[in-house]
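First the structure, in the form of structure tokens, and then the observations on it.
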Amino acid sequence: MYLTVIVLIYVIISYLIFKQLAYISKFRKNNITNAGVSRNLSSLATNSSFLFKQLVSKGVIQEVKGGKYFLDAEKGTFFAKKRRGLFYSVTFFFLIIFFFVWNNF
């Protein structure tokens, strides 16, 4: 029972981290890194989810007139490094908890 909950929480946290990294990757892949080439979310097949709004509020993805967005390349690189570090830390933490619970029950 405990292991299932631990794995489920880990999967949810990992999904949230990788979803934000996917937004950054999509903008970088399409080379949308300045206001001159900004695009609507519909042209990128992306929706304005909570995770996307977090990126906008942190300045990683910036909005220009008309509901168009672009990636601030420098902030995107820094944010992606932080998110990967968070993923590694979370993975290490959950592995410790997983093996601790597994050995004690």
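With the working numbering, letter number 50 in the sequence shown gets 40, and the count goes up by one each step, no holes. We put the beta carbon where it would ideally sit given N, CA and C, even for glycine. Since this is a predicted model, take the numbers as computed values, not measurements.
Cβ pair residue i, residue j closer than 8 Å
i     : j       : result
Ile14 : Val80   : no
Arg73 : Leu(-2) : no
Trp92 : Leu6    : no
Buried/exposed call for residue i, threshold 16 Cβ in 10 Å
i     : result
Ile51 : buried
Phe69 : buried
Gly56 : exposed
Coarse secondary structure for residue i, derived from DSSP in three states
i     : result
Ser31 : Per the sequence shown, the amino acid found at residue 31 is Leu instead of Ser. It is coil, neither helix nor strand.
Ile2  : helix
Close-in-space but distant-in-sequence residues of the same chain around residue i (CB under 8 Å, 5 per side omitted)
i     : result
Val46 : Gln52, Glu53, Tyr59
Arg29 : Asn20, Ile22, Lys58, Tyr59, Phe60
Leu85 : none
Beta-carbon contacts of residue i that lie in its chain and below 7 Å, excluding the five residues immediately before and after
i     : result
Ala25 : Val54, Phe60
Lys9  : Leu41
Ranges of the alpha helix (DSSP H) found wholly within the region 17 to 61, counting only runs of at least 4: Qualifying alpha helix (DSSP H) stretches, in chain order: 40 to 47.
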